[in-house]
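Below: one structure, written as structure tokens.
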Amino acid sequence: MKSPVKRDCERDNTMSVNKIFTLVFLKKNSEVLLGYKTRGLGRGLWNGFGGKVEKNETIANCAKRELEEECSLVAKDLKHIGVVRYDLPYENSADIVHIFTCSQYDGCEKASEEMDPIQWYDFSAIPYAKMWPDSPQWYPLMLKEKFFAARVTYSDPDTITDTKIEEFEDLASALKVAN
-1 MKSPVKRDCE
9 RDNTMSVNKI
19 FTLVFLKKNS
29 EVLLGYKTRG
39 LGRGLWNGFG
49 GKVEKNETIA
59 NCAKRELEEE
69 CSLVAKDLKH
79 IGVVRYDLPY
89 ENSADIVHIF
99 TCSQYDGCEK
109 ASEEMDPIQW
119 YDFSAIPYAK
129 MWPDSPQWYP
139 LMLKEKFFAA
149 RVTYSDPDTI
159 TDTKIEEFED
169 LASALKVAN
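Take the sequence shown: its position 70, counting from 1, is numbered 68 in the numbering used here, and each next residue is one higher.
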């Protein structure tokens, strides 16, 4: 699916934020570890590891917890690099996803009940056709560890109607745009 991409994230926050999530991408050399989602939101798609921020939990602690729950790895160097705001007018809400990378971790990757199988992919062979439709638009920035903010509008769970992506010099600037 071809989606419109705009390179500026203007502020139009008419929809209230419903949920806050994290997403962690483990990297080694020119490979990224992805998991195949077996249940819940994103079932049947490849993605990084993450989930919903619990009450009284920091965003970074959520990222670490979800990573360990979903692939048995303990992050040693989480780097918060971006944020994606998903506007969902069909639900009159928005979700925020905080994006992290990690290249140092303890343990051996292992599939879980929620992510099975898990597999290392070369950056040039990421299975975008079997991922969320917006993934090809912001993954290149994530893989290069560039600070970014993206805003994606879905008219229904499968159809993107608008995408805005902006690269920043620092994380604080990216976070201001997404909230």
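Glycine is no exception: its CB is placed at the ideal position from the N, C-alpha and C atoms.
Over what stretch of residues does the beta strand (DSSP E) that includes residue i continue unbroken?
{"i": "C100", "result": "91 to 100"}
{"i": "A147", "result": "145 to 154"}
{"i": "I227", "result": "Lying before the first or after the last residue shown, residue 227 is absent from the chain, which here runs from -1 to 177."}
{"i": "I116", "result": "113 to 120"}
{"i": "L86", "result": "77 to 86"}
{"i": "K108", "result": "Segment: none, K108 is in no beta strand (DSSP E) and carries neither H nor E."}
{"i": "T56", "result": "Looking at the DSSP string, T56 is not in any beta strand (DSSP E), and its letter there is neither H nor E."}
{"i": "K128", "result": "Run containing K128: none; DSSP gives neither H nor E here."}
I'd like the span of the alpha helix (DSSP H) that includes residue i, first residue to last.
{"i": "L173", "result": "169 to 176"}
{"i": "Y137", "result": "133 to 141"}
Give a yes or no on whether 7 Å exceeds the smallest Cβ distance from residue i to chain B.
{"i": "L141", "result": "Protein chain content of the structure displayed is limited to a single chain, and chain B is not contained in it."}
Considering only DSSP beta bridges, list what residue i is partnered with.
{"i": "G38", "result": "Paired residue(s): none; G38 is not in a bridge."}
{"i": "L71", "result": "L71 pairs with nothing; no bridge assigned."}
{"i": "G46", "result": "Note: G46 sits in no beta bridge, so no partner."}
{"i": "E29", "result": "K26, D120"}
{"i": "E188", "result": "Examination of residue 188 is not possible in this model, given that the chain is present from -1 through 177 alone."}
{"i": "T159", "result": "DSSP lists no partner for T159."}
Can you give the Cα-Cα distance for residue i and residue j, rounded to whole angstroms?
{"i": "K4", "j": "G105", "result": "Caution applies to K4, whose pLDDT of 40 falls short of 50 and renders its modelled position unreliable; the value that the coordinates give is listed next. Answer to the nearest angstrom: the Cα atoms are 40 Å apart."}
{"i": "R9", "j": "L43", "result": "Confidence in R9 is poor, its pLDDT being 43 and thus under 50, which makes the residue's placement too unreliable to answer from."}
{"i": "K17", "j": "T36", "result": "21 Å"}
{"i": "H96", "j": "T56", "result": "11 Å"}
{"i": "L71", "j": "D160", "result": "35 Å"}
{"i": "C7", "j": "R149", "result": "For C7, the predicted structure reports a pLDDT of 42, less than 50, and the residue's modelled location is therefore unreliable. The matter cannot be settled from this model."}
{"i": "F166", "j": "A109", "result": "34 Å"}
{"i": "E52", "j": "R63", "result": "10 Å"}
{"i": "K26", "j": "S101", "result": "6 Å"}
{"i": "A73", "j": "D93", "result": "24 Å"}
{"i": "R41", "j": "A170", "result": "32 Å"}
{"i": "K50", "j": "C60", "result": "7 Å"}
{"i": "D120", "j": "K144", "result": "18 Å"}
{"i": "P138", "j": "I116", "result": "20 Å"}
Taking the CB atoms as reference points, tell me whether residue i and residue j lie closer together than 7 Å.
{"i": "G33", "j": "M113", "result": "yes"}
{"i": "A147", "j": "E164", "result": "yes"}
{"i": "Y84", "j": "D154", "result": "no"}
{"i": "C69", "j": "E107", "result": "yes"}
{"i": "G46", "j": "F19", "result": "no"}
Taking residue i as the reference, which of the options has the closest Cα?
{"i": "L21", "options": "A58, A109, Y103", "result": "A58"}
{"i": "E66", "options": "W130, G48, G40", "result": "G48"}
{"i": "M129", "options": "K77, S91, L39, A170", "result": "L39"}
{"i": "K79", "options": "D156, S122, K162, W136", "result": "Per the sequence shown, residue 79 should be read as Ile rather than Lys. Comparing Cα positions, the closest option is W136."}
{"i": "D156", "options": "D132, F145, I116", "result": "D132"}
{"i": "L76", "options": "I158, V82, N54, Y103", "result": "Y103"}
With a threshold of 6 Å, establish whether the CB of residue i neighbours any heavy atom of the ligand SAM.
{"i": "E112", "result": "Annotation note on the ligand SAM: not contained in the displayed structure, which lists no ligands."}
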